[in-house]
Structure formats: structure tokens, C-alpha cells
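Residue numbers (UniProt numbering), protein chains in the order written: chain A, 1 to 99; chain B, 1 to 99; chain C, 1 to 99; chain D, 1 to 99; chain E, 1 to 99; chain F, 1 to 99; chain G, 1 to 99; chain H, 1 to 99; chain I, 1 to 99; chain J, 1 to 99.
Below, the structure written as C-alpha cells:
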């Protein structure tokens, strides 16, 4: 099952640049692992914003929530999740290639 | 360049079921052609809504607008377009397989 | 997997009372069937509105969309779907009794 | 009488992880008590958010407000309450089993 | 238990002035009855709008929904209901006199 | 003349519990005085929120603003004021009893 | 007492140009009368919109609502009313000259 | 040319009462000067809010922005500006008297 | 003085394609004239929408409103106008070439 | 390809005036460079707000995002980007002169 998420990151005023950089390193590793395991099917930056659009394939909503909660920056993210179904006009069941 | 669109369809009260069905046939063919030509990289139904999330790869904004305007149901759609850039945490430049 | 939906019904101005009543009869049968099959776990009226809050248990998002699309009044509904996960403070995995 | 609530938790920037953890322990106990007493009929996490959807059965609005105000994290919650009535298409008066 | 409602009336374009006037006569009678029975504790026009703010005292949410649904103009109203509890700064349990 | 207000209280993160409690004592006295003088005709808690709905009878808008500005917690309140007129379906000019 | 209103006019699709022109003639006469009587202190077009910002001086909210309801186009207007008080930085109690 | 502005003031949590009072003194002088020079044609408090509605007559948008930016509290204001044109139903070109 | 406008076009359901095409021809001529006279400095389609972003240079707000009202499709447009001033980081007073 | 952006600047409460001034100097240099290189085609202040409307010509969305991210104040900006296409009523392909 596919879900698309929009994630907006807002860091608190008091966070140092070092802490931010450290979060970004951890975030990158976490995202890479999700991609490698085929959970995160795609992730893109929204132009001009500290936000992403990302797509997830999971079997289970508890697992999906755990996936979001596991993001190192989760406490600083607003996440909005939209469940997706097959569109009648899609010519394939799977648009994504194997990473 | 990638763009994600959200399209919401609202048919007028006076439209007959025949006209709607005819639009849907034309829409399916138009979407299939966009997918075959690699312009529409993916399309999904938003669960519970007469709406889709779709992703487009184009070289040019005039072409992109023409692509939207060419949808048979364009006059009955609200389309919101978001430009996407490569995300630093993406492990690939291209998540989509060749249809 | 559980999903909560809010459905708002808006009938077009031209619809006769007979057509509305006919829709309501069909809707009642459709909802009863979903309840009997354990797909619709609960449905409540939002006080003062022609709207409901309802909860669905399904294994699959395509099936969930098909369930919504199957509502006789689907063309006159705005449906907003929210995916639900187990809450850490829940004392049970299943709050609903078998209908 | 049933009410559905959506609760969004926002902790202040200055709160330590220890304080947060302490709040979560107290919150869990408070929620368990409400469930045991049949006041909270269900509680679910909204996928991707630090939020819940929960359903309450109470006889009295003063009691309901006191119930919300009693949550250990109440000062850090935005709570929106929606009153629910029996839906004409519901096949039962009570969807919830006895916890 | 007290609930405050905001009701906005929107008549369809096709409704004749006679039908509107007829609705208003029925609405007045219905409101008077609710006031006499102590269900509607107060009703006021929002200045400049075809809207009201009204307050209801009821024992039961099903009865409250039935009360709203019984308004002759219900199909042309948007109703938003807010549940009210005793305020700690209120000097009385009941602000309303017996009509 | 009657006005209905919705007041939402948001205390700053740095305010101590003692200061909050002190504000609440002063607020209670201020509200009691307004009720005794017949200026505040009613005040109710919105269930689940740190908010109230309150109704004011005043002769003058400058006096009304001064009344709001006089609330001890005014600096921490968002206040939205709606002017009310007699509703044609009201069976009385005055729903409120003398406190 | 002063109130500022924003009025947005939306004519139904079926209204003929003749009817619109007739409404506009009546509206002009009604507005002129309000200005002459010192009730409407000012009226301006919002640039680019079929909307106005207008200011009213009245002694009474019932009279103010009656004034709005008396506009020939009232049924086609959305009116939002904001009550105004003297500003501490105003150098006069009355900015408006006698028309 | 006339413009109407709505200004909402939000002071930061850390600002002392002395600083606030100092700002208010400077603001009063600045507003008085604008009124004397015929730039600010009127200013009113929105009842219940730390906000004003004010009207400006200027020849130039750069000058208008400089006027707003010159407010001592500018850094703590949200300002929304609406351009105004003569309304066809206005009986005069100038509603304001000379201060 | 420069103003940026966003215009959204919504045609009524009953308008024929011939009428729409006729409006578009008149609109094109009207826009060309505004560009030739240096009033409309630029106009662009918002990708995916029946909307434009356009920039106007005028000396006067009455003239600006008359310019908008003169658009053949004005009755079917929602127009939002934003006044613009010179930005301190602009390296020129005039970004536009003479058409 | 052209994109229009709206940028709103919000500095944190703790930032000193010196830091703000330093940011503004760097921002001015960065903007000047973008203008000289023909990337930023125009930039204007929104009257009354700490915001700008600016137009960008770029070949690539990654480059566009990098351009936004390169603004010295990027961490304090909300940026909303809208893609633009040629409008059928435009009399030229390029409204902007060479800076």
C-alpha cells in the first residue's frame, strides 16, 4: 500500500547549527535505509521550502507510524499523510523501479 | 524536472452520466499516452476522493501547462502544481522505472 | 488497519425529494452490509450536520477506495480519510465488538 | 452520549526529555483509567502526527470538560470536540465492546 | 447541558420568494415552540448576516440532532455546534430566565 | 446591545504556575464584578479548550473595548467579538435573568 | 458607535443584466439616503473586486442590522461587520465631515 | 489615493512592560504626526483586539510603505493593506474632514 | 506605481463554448491594448490553472479599478490586488522593458 | 522558465539588531548578484509587510531550489513558489529588460 507524505521541518530558535547538522546526518542515514529496504519509494524537496514530498510502501499502519516516528527529526516535523489507491488510468500497478 | 500535481474533479450538476463516462474514456486514453511518452511518471487515486496525485517530468513550463490544459476534463478540474527538486537524502536521481 | 472518515453530504439543488429518499434507502442497505461484514466498525451522525464520522477496518487501500466509491451517494459526498495506528495508551488492540 | 475528540500535542521548546517522558507515563495511566471506567471508548494515533482521535461516553458536559482538563498534558494539547448522535444507518446503538 | 450553535442560511437560487416566506413562517413557529419548551434558551441574529447564534439546553445528543434536523429550513442551513460547560468564573449555574 | 465573544487564552511558555494561578484569581473577581453589574450576561467554557463563550450587554463600543482590555489576562487572550441583534423568531427581547 | 463592514456581492448566474442594473439603481439611492442621514460615513470600492468597505455610525445594533437588511442587494451580499472603538492614538473623536 | 490597513500588534514574550510603554508613547507621537499631515485620515481600535483599522491618503506606494515601516512598533505588527477606489454610490469624493 | 494581481476565471455552468470563445477574443484585444499603453507590464499563466499573475503600472487607484472592471470577463473573475513598492535590494527602479 | 515567489521574513525574537543588519547587507549583495546574472528578473516589496514578490528565470528546478537556499536569510523565510507559463494574451515572450 502506498502513502504520500508532506513533511515540513521547523527547528526551534535555540537549536545550534551543530545540532542541526548532526540531525541532518542521522536523517540522511535513516532515509537511505528506508529507501534500500523499499519502504521509501521516493523523496523530493519542495522547491523553496524546508519540506519534502515522499512516498511510502508499507503493509501496515502501525509500521507506517513507527517509520515516521523513527525519523531523527520527527519532533521537529509536521507530517501530513495521504493514503493512495490505484488510479483507473494508471497503466501499471507499480511506477517505481527497484532501488 | 519533476512536478507533483493534485487534481480534484468537480462535474457540474447538469452533466449526464453518458457525458461523464465519455469524458472518462477520453481521460484514460490521454493519461495512457502521457505515461507512454514518459511525461506522467505516476498517478494515484486519493482514497475516498474524486482526486489524484500525479507526477510529471517535463523540460518546460509552457509544455507542462499545455499538458494540463490538454486533459479532456481540464475545465472541471482544480489543479495545484508543486515544483520538486532533488532531495539531499535521495539515494538516486530517478525513482521511476521506464513504463 | 483502521481508518476514520468524515463524510459530508451535499445534494444538488435540482434533486427531488423522491430521489433523495431513494438514495437514503440504498445507502442504509449498503452501510448495513459493510457493518455486517466487519468493514464498517462504527458510524455516527455529527450533531447538527448532514455528515458522519465512520471507522473502517480493511486490509488494502484499493479495497478501501472501492468501499467509499461504492456508497450510493458517493457522487454527493466529500470524504476525508485519516489513517489510524495503535495508540501507546490504548489498553486493547481492538475497541470494537463483533456486530 | 458520545463525543469524538482530536487532540494535538505541542510541547514547549524548553521542556526536557525527562519531563516529556514523565508526562507520558502519567498520561498512559490516566488514559488506562478512563478506558477501564468506560469513559474513553477508544483511542488511536493519527499516523505521522503527535495526535490522537479518541471517543468518549459521558452523561454530562461538565464531566466531559473535567475529563479533558484532567489529562496530565492538557496544557500542551489542542483539543477539538465533536458531539455525535446515532446515525440512521447504524445497525446497533453501541459499537464498542466492554473493555 | 448547553450547546451553542451558529446557523447560516443559504437558499438555492431557484427558490421563489413565496417559498422563502413560507419557510420563514414555519421556522418562526418551530423556534417559538422550542423556546416555550425551554429547549432553545436564546436566539440572536448576527448583525449583517443571514445567520443566528442560538443556545440549546438538552439532556441528550440524539434529541439535540433531532431538534436541529426538525428545523423547517434544515436542508438550507450550515449548523456548527459547540458543547459548553460551566465556567469557573460564572457566578450562577443558569444565566437564563424562564421564558 | 448584545455582543458575543469567544476568548482563547494562551499563556507564554515562561509563565510560572504561581503567576497563572494569580491571574486566575484576579480574572474570577473581574468576571464576577462584570456579572454583578449586568455587563456580562453569561460565560461558558468551551468543552476541551482553554476558551470561553461570553455575552455582553453594553451601551457603547468604547466601554465594551475597555471591558475587554480590563480583563487581567487580556494580554494573553485572543478575543473575537460578534455583534448581535434581535432575531425575528425570538419570543422575548431579553433571554437573561437578573443575576 | 462606528462599525466597518466589508460587503461582497455575488449575483446568481441566472440574473439578467436588466435586473442587475435595476438593483444597482436602487442600491445607489439607498446608499445616498444613508449618507445623507449620516448613517453611512463612508463607502469605497475595493480595487479589483465587486466589494466595498463602508463605515456606519448608529446607536443601536437592531437598527444596524435593519440597515444592512434594507440594502436592495442584501440577498446577494456577504457582509462582515467589525465593531470599532476610539483608538488611543486618534487625535479626534470624529474623523468624518458632515456630508 | 486611499488605502485601508488592518494592523495587529504582537509583542514578544520577553518584552518588558517599560519597553512596551515606551513603544506606545512613540507610536502615539508618530500617529499624531501622520494625522496632522493628512496622511492618516482615521484610526480606530477593533473592539476586543490589539489591532487597528486605519485609512491612509498618499500619492505614492514607496511613500506608503515607508510610512508603515516608520511606525515604531513596525517589527511587531502584521499589516494588511487594501487599496480603495471611489465607490459609484459615494455622494462625495472625500468623506474625511481636515484634522 | 506597480500592483500585482492574481486573477482566477470561473465561467458559469450554463455558458456555451461559443460565448467563452467570444469572451477570450475580446479579452485578448483588451489585454493587448493595456500592454501597448504600458499599463499592463506583464501577464503570465499560472501553470495548471485558469488563472494569471499580471503586473500593472498606474498613477491612480480609480483608474486601476476601472482597468480591472473593463476586462470583458470581469464578471467571471476573482481578482486579488497587491500594492508593490521598490525593494531595497532591487538594482533598478524599473525591471520592465518598453513593449 | 519563470517562477514567481512570495517570501515572508520572520526573525526570531532573540536576534540582535546587529545580526539583522548584517543579514540585510549579505542579502542585498546576494540579490544584486542574482539580478546581474539574469536569474532574478524583478523584486518588489509588498507594501506594509516584511515580504517580497520576486520573479526568477532558471533552466532547472534543482538550480532554483539552490538559489532560494542560498539566500543568507533562507532559514528565516517562508517561500512559496508558483510556476508561470506564457499567457495567450501576452504580446511578447519576455517582459523584462536586460539589467
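We put the beta carbon where it would ideally sit given N, CA and C, even for glycine.
From a predicted model like this one, the values you see are computed outputs, not experimental measurements.
Counted within 10 angstroms of its Cβ, other Cβ atoms place residue i as buried (16 or more) or exposed
i, result
"residue 83(D)", "buried"
"residue 41(H)", "buried"
"residue 1(H)", "buried"
"residue 90(D)", "buried"
"residue 49(G)", "buried"
"residue 15(H)", "exposed"
Neighbourhood of residue i by C-beta, 8 Å cutoff - its chain only, sequence neighbours within 5 removed
i, result
"residue 72(A)", "23, 26, 27, 30"
"residue 39(G)", "56, 57, 58, 67"
"residue 74(G)", "68"
"residue 94(B)", "none"
"residue 92(B)", "none"
Close beta carbons around residue i, own chain, < 7 Å, minus the five adjacent residues each side
i, result
"residue 52(G)", "7, 43, 44, 45, 46"
"residue 64(C)", "3, 56, 58"
"residue 108(I)", "There is no way to answer for residue 108(I), as the model of chain I reaches only from 1 to 99."
"residue 20(H)", "11"
"residue 104(G)", "With chain G covering only 1 through 99, there is no way to say anything about residue 104(G)."
"residue 33(F)", "none"
Strand pairing of residue i, partner residues [DSSP]
i, result
"residue 2(D)", "57(D), 84(D)"
"residue 42(A)", "55(A)"
"residue 96(F)", "96(E)"
"residue 73(H)", "Paired residue(s): none; residue 73(H) is not in a bridge."
"residue 7(B)", "52(B), 79(B)"
Whole-number beta carbon distance between residue j and residue i, since they are thought to touch under 8 Å
i, j, result
"residue 62(C)", "residue 80(A)", "That belief does not hold up - the Cβ atoms of residue 62(C) and residue 80(A) are roughly 21 Å apart, past 8 Å."
"residue 12(G)", "residue 13(E)", "4 Å"
6 Å CB neighbourhood of residue i in its chain, flanking five on each side removed
i, result
"residue 35(E)", "99"
"residue 5(G)", "54, 79, 81"
"residue 77(H)", "7, 9"
"residue 60(B)", "none"
Listed from N- to C-terminal order along the chain, which residues in the UniProt domain "Muconolactone isomerase" (1-89) of chain A have their beta-carbon within a distance smaller than 7 Å of any beta-carbon of chain J? For the UniProt domain "Muconolactone isomerase" (1-89) of chain A, the residues whose beta carbon sits under 7 Å from a beta carbon of chain J are, in order, 13, 45, 47, 48, 49.
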